[in-house]
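Numbering-wise (this note's numbering), the sequence shown opens with residue 4 and increments by one.
A virtual CB, placed ideally from N, CA and C, is assigned to each residue, including glycine.
Worksheet: one structure, shown below.
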Amino acid sequence: MSLHELAAQLGQQLAAAGQRVTVAESCTGGGVAAALTAIAGSSAWFDLSVVTYSNEAKQRLLGVPEATLQAHGAVSLPVAAAMAEGARSLAGADWAMAVTGIAGPGGGTAEKPVGTVCFAVAHAAGTAVRSCHFAGDRDAVRAQAVVWVLGFLQSCLSGQDAAQ
4 MSLHELAAQL GQQLAAAGQR VTVAESCTGG GVAAALTAIA GSSAWFDLSV
54 VTYSNEAKQR LLGVPEATLQ AHGAVSLPVA AAMAEGARSL AGADWAMAVT
104 GIAGPGGGTA EKPVGTVCFA VAHAAGTAVR SCHFAGDRDA VRAQAVVWVL
154 GFLQSCLSGQ DAAQ
């Protein structure tokens, strides 16, 4: 399934449920929002996107606690969860997705190599988090992360994941 088809399917699911989604992005730099807003009529189910590339922006705009950033680093499941929860609160949306990772070519460590990406989907019932490692260059990592988080939301919307 193409990115466009996946985004359209998500839009149909959200519209049918009368729900809205928002996005908090770091390493994807707005790629998730671009995929969603490429769908005609997305204003019926897509609310807003926040690209918080710096730790300071994550704190200021999404309310990610400084202590969480210091304890776990920006690329971590706790930070992804805080980003999604902050975006959901900011937008008043039913659902929020968050992506934070190391797209490369630099920035990786032994514990968090280039290609490490953390995701979260927040909903009133809770927040589900996942971490993945993607291969390839910067563009490939970012593209894979966009597709992956849309699939993650789709599984949550279908009731196949923890954030239902």
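Just measuring C-alpha positions, the residue of T130, F137 and V120 sitting nearest C159 is T130. Scanning the stretch 6-36 from its first residue to its last, the whole beta strand (DSSP E) runs of 3-plus residues come out as 24-28.
Counting along the chain, no alpha helix (DSSP H) covers M100; the unbroken beta strand (DSSP E) around it starts and ends at W98 to G104.
Within a 10 Å sphere around the beta-carbon of R63 sit fewer than 16 other beta-carbons, which makes this residue exposed. Judged by beta-carbon spacing, A106 lies within the 8 Å limit of R145, meaning their Cβ atoms are closer than that value. Ranked by Cα distance from M100, the options C121, P68, Q147 and G110 are led by C121. Sequence-distant Cβ neighbours of S52 in its own chain, meaning closer than 6 Å and more than five residues away, are V26 and A36. S29 and L39 have their C-alpha atoms roughly 16 Å apart. Counting only residues of its own chain and dropping the five nearest sequence neighbours on each side, F155 has a CB closer than 6 Å to the CB of F122 and V124. The C-beta distance from V82 to K115 rounds to 12 Å, too long to meet the 8 Å contact threshold. Secondary structure of A123 (DSSP, three-state): strand. The DSSP-derived three-state label of V78 is coil. Between H136 and T119, the C-beta gap is smaller than 8 Å, which places the two residues in contact. For S52, the enclosing beta strand (DSSP E) covers residues F49 to V54. In chain order, D97 place their CB closer than 6 Å to the CB of Q22, counting only its own chain and leaving out the 5 sequence neighbours on each side. H126 counts as buried, since at least 16 other C-beta atoms from the protein chains shown sit within 10 angstroms of its C-beta. Secondary structure note for V149: it is in no beta strand (DSSP E), and the uninterrupted alpha helix (DSSP H) holding it is R141 to L160.
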